[in-house]
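Have a look at the structure below before the remarks.
Residue numbers (this note's numbering), protein chains in the order written: chain A, 22 to 122; chain B, 40 to 559.
This is how it looks when you write it as structure tokens:
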């Protein structure tokens with residue numbers, strides 16, 4: 022049994038939406054960060070699906086680049102989060118609130 | 040024959056890489072290794088001036104390499120390398136030159152700030168150089184995946200630089216906000232790339248352009264969704280309304296010279312790729328995306344100018360002013376003409392020096408601790424340091440678009456390009472927003488020349504989150520404002536470029552006119 026490619030695209034779109042909504046509504050920085058990873062993986066799934074449908078290797082190569090970038094973002098992002106929340110109780114995005122106007 | 044050819048299995052072609060075409064980027068990245076190596080191998084911490092000097096030398100070498108590349112491109116024509124994923128054309132090399140200049144000025148200005156704040160080490164310079172190489176790659180990238188990688192190389196060091204002053208909670212807050220929203224916009228951008236890839240079968244810009252020129256896609260929902268997400272991703276990076284929410288907070292919280300650097304660099308890199316992708320690759324679909332850019336430009340122009348009026352913090356005010364500037368650059372994009380692209384490129388050049396200089400002055404007035412950014416801190420500045428007040432006035436008036444500065448020509452050319460493309464309404468919006476913007480620039484200028492300096496009691500009550508900050512503020516005499524030699528040098532360069540090319544505009548205009556990209 023083969024599954025039509027459009028199902029993968031739909032799944033990717035759903036994952037992307039869950040991720041985007043998660044970043045916008047969740048308040049824990051780590052959860053927001055995970056949601057961003059979900060969005061990147063939705064893009065990866067889209068790349069792989071299109072790569073298969075188009076019979077073109079380029080999309081699969083793109084996934085590796087996205088993975089590398091995601092890893093680099095994790096390193097820097099977790100570094101920033103740890104540096105900031107080391108002296109705070111919870112990693113909540115609303116806690117730092119001095120910048121407004 | 041590349042050195043890696045022997046490693047390739049049979050049948051896998053290794054693309055030809057023209058290393059001389061990538062020399063400016065390679066110089067910057069090699070320079071980063073040198074900086075980190077020197078820093079690791081010296082037993083005692085070197086003064087920040089040593090690293091600043093090295094950075095200036097590295098950026099100057101990149102500038103020389105860029106100018107050589109410019110000569111080659113002008114004499115022998117544009118070309119592509121690394122399997123058509125890097126474009127070496129006038130447009131790209133123009134931005135290589137601009138980024139090298141930004142790096143030189145930012146290193147000079149940054150060293151003064153770092154010395155005052157007592158931050159040692161090579162990290163600031165190394166991050167700036169990596170970020171600069173990302174901006175260069177964005178300008179020359181000819182493949183959407185390449186643009187994505189370059190965007191991240193540009194952005195990730197900037198997240199760290201925004202949080203560079205770890206002792207200050209506002210700097211930490213700026214870093215986390217910039218990081219979360221930057222990563223979010225990158226994810227949106229890469230999903231857009233995936234959709235465009237699915238619709239056109241390639242991530243390579245010339246191939247996408249050729250595909251769209253030869254095929255009419257009847258059901259182009261996926262393609263249009265992809266283009267829309269690309270617009271959202273770029274708009275986040277260049278801070279266009281309504282994707283600007285992070286800008287005021289990040290600009291306010293980041294260390295002041297970093298703010299100037301990221302304002303100049305992220306806009307230059309972001310807009311370079313924005314212009315190339317939309318004007319050179321998607322011109323066949325302009326009927327679909329041009330109205331969106333129109334709306335973005337109008338919102339950005341008006342929103343930036345009006346909200347800036349309400350700001351009491353000078354860094355926030357300049358943040359909204361930079362949003363307003365982004366609107367002007369978008370006008371050049373909206374025109375979708377060679378003239379429009381040249382006008383936007385000119386605007387970015389003029390803007391880079393104005394914004395670097397302006398934030399350098401703000402950093403000086405902010406004093407040790409980088410905290411005094413309220414408008415009141417500028418009252419009577421002319422009495423405390425007449426030269427600094429004059430310099431800031433020139434830079435602000437240039438941002439407002441006063442004649443005999445590059446700011447005037449920048450605004451003039453984008454509006455002329457807009458009129459040339461028959462976007463009369465947008466030109467009117469632009470002029471109205473420029474008129475509104477004059478108010479908040481002039482307010483600071485008038486405050487600086489007002490004859491009543493705030494009494495010392497006021498200075499002491501300037502709110503500082505930490506007790507130590509307030510104590511520092513009390514000790515600073517109102518009558519004296521020290522400008523360090525390196526910051527003075529950076530300011531001289533910024534003002535020099537702004538005024539000299541404002542009075543004698545022809546060289547820069549000719550330079551911009553020759554900076555067009557190849558339409559494949």
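Note that CB positions come from ideal geometry on N, CA and C, so glycine has one too.
Note that this is a predicted model, so its numbers are computed, not measured.
Does residue i have its Cβ less than 7 angstroms from a Cβ in chain B?
i                     : result
residue 95 (chain A)  : no
residue 55 (chain A)  : no
residue 98 (chain A)  : yes
residue 61 (chain A)  : yes
residue 42 (chain A)  : no
residue 51 (chain A)  : no
residue 101 (chain A) : yes
residue 120 (chain A) : yes
residue 39 (chain A)  : no
residue 105 (chain A) : yes
Using the three-state DSSP reduction, which class does residue i fall into: helix, strand or coil?
i                     : result
residue 406 (chain B) : coil
residue 181 (chain B) : coil
residue 113 (chain A) : strand
residue 130 (chain B) : helix
residue 114 (chain B) : helix
residue 429 (chain B) : helix
residue 65 (chain A)  : helix
residue 352 (chain B) : strand
residue 120 (chain B) : strand
residue 49 (chain A)  : strand
residue 289 (chain B) : helix
residue 413 (chain B) : strand
residue 125 (chain B) : strand
residue 76 (chain A)  : coil
residue 259 (chain B) : coil
residue 424 (chain B) : coil
residue 243 (chain B) : strand
residue 312 (chain B) : helix
Counting contacts by CB-CB distance shorter than 7 angstroms, is residue i in contact with chain A?
i                     : result
residue 208 (chain B) : yes
residue 197 (chain B) : no
residue 288 (chain B) : yes
residue 507 (chain B) : Confidence in residue 507 (chain B) is poor, its pLDDT being 42 and thus under 50, which makes the residue's placement too unreliable to answer from.
residue 229 (chain B) : yes
residue 52 (chain B)  : no
residue 64 (chain B)  : no
residue 212 (chain B) : yes
residue 148 (chain B) : no
residue 236 (chain B) : yes
residue 218 (chain B) : yes
residue 256 (chain B) : no
residue 292 (chain B) : yes
residue 97 (chain B)  : no
Would you mind giving the Cβ-Cβ distance between residue i and residue j, rounded to the nearest angstrom? I have them listed as a contact below 8 angstroms.
i                     : j                     : result
residue 141 (chain B) : residue 303 (chain B) : 5 angstroms
residue 440 (chain B) : residue 471 (chain B) : Between residue 471 (chain B) and residue 440 (chain B) the Cβ distance is about 13 angstroms, and since that is not below 8 angstroms, they are no contact.
residue 292 (chain B) : residue 120 (chain A) : 5 angstroms
residue 51 (chain A)  : residue 102 (chain A) : 7 angstroms
residue 305 (chain B) : residue 193 (chain B) : 7 angstroms
residue 97 (chain B)  : residue 66 (chain B)  : 6 angstroms
residue 309 (chain B) : residue 277 (chain B) : 4 angstroms
residue 288 (chain B) : residue 214 (chain B) : Residue 288 (chain B) to residue 214 (chain B), Cβ: 11 angstroms. No contact.
Are the segment 360-376 of chain B and the segment 112-127 of chain B in contact at 8 angstroms, needing three or more beta carbon pairs?
no
Listed from N- to C-terminal order along the chain, which residues in the segment 64-90 of chain A have their beta-carbon within a distance smaller than 7 angstroms of any beta-carbon of chain B?
64, 67, 68, 71, 75, 77, 79, 80, 83, 86, 87 and 90
Inter-stretch contact at 8 angstroms, needing at least 3 Cβ pairs: the segment 527-534 of chain B / the segment 145-152 of chain B:
yes
Listed in chain order, which residues of the segment 162-177 of chain B have Cβ atoms closer than 9 angstroms to some Cβ of chain A?
none
Stretch-stretch touch, CB-based, cutoff 8 angstroms, three pairs: the segment 191-211 of chain B with the segment 75-95 of chain B
no
contact_flag[the segment 451-468 of chain B, the segment 381-393 of chain B] where n(CB pairs < 8 angstroms) is 3 or more:
yes
Is it true that the segment 230-246 of chain B meets the segment 72-81 of chain A, where meeting means three or more beta-carbon pairs spaced less than 8 angstroms apart?
Yes: the two stretches touch, three or more of their Cβ pairs being nearer than 8 angstroms.
Quick one: which residues of the segment 177-190 of chain B get their C-beta closer than 8 angstroms to a C-beta of chain A? List them in chain order.
184, 187 and 188
State whether the segment 164-179 of chain B contacts the segment 536-544 of chain B, with contact taken as three or more CB pairs (one from each stretch) at a distance under 8 angstroms.
no
At least 3 beta-carbon pairs within less than 8 angstroms: the segment 214-227 of chain B vs the segment 41-54 of chain A
yes
Would the segment 312-328 of chain B count as touching the segment 408-425 of chain B if we require 3 or more Cβ pairs under 8 angstroms?
no
Touch check for the segment 282-297 of chain B and the segment 253-264 of chain B: three-plus C-beta pairs under 8 angstroms?
no
Stretch pair the segment 151-167 of chain B + the segment 282-291 of chain B: three plus CB contacts closer than 8 angstroms
Here the segment 151-167 of chain B makes no contact with the segment 282-291 of chain B; the two share fewer than three CB pairs at distances below 8 angstroms.
Just checking, does the segment 477-491 of chain B make contact with the segment 346-357 of chain B on the three C-beta pairs under 8 angstroms criterion?
yes
Beta carbons nearer than 8 angstroms to chain A: which residues of the segment 441-452 of chain B have them?
none
Chain-ordered residues of the segment 266-285 of chain B with a beta carbon less than 9 angstroms from chain A
none
Closer than 8 angstroms is the cut-off here; do at least three beta carbon pairs connect the segment 443-450 of chain B with the segment 544-553 of chain B?
yes
Relative to chain A, which residues along the segment 240-252 of chain B have a C-beta separation below 9 angstroms, given in chain order?
240, 241, 242 and 243
Got a sec: which bits of the segment 309-328 of chain B sit with their beta carbon under 8 angstroms from any beta carbon on chain A, in order along the chain?
none
Closer than 7 angstroms, Cβ to any Cβ of chain A: which residues of the segment 525-543 of chain B, in chain order?
none
Tell me which residues of the segment 121-150 of chain B have at least one Cβ-Cβ distance to chain A shorter than 7 angstroms, keeping chain order.
Identification of residues in the segment 121-150 of chain B having a C-beta nearer than 7 angstroms to some C-beta of chain A yields an empty set.
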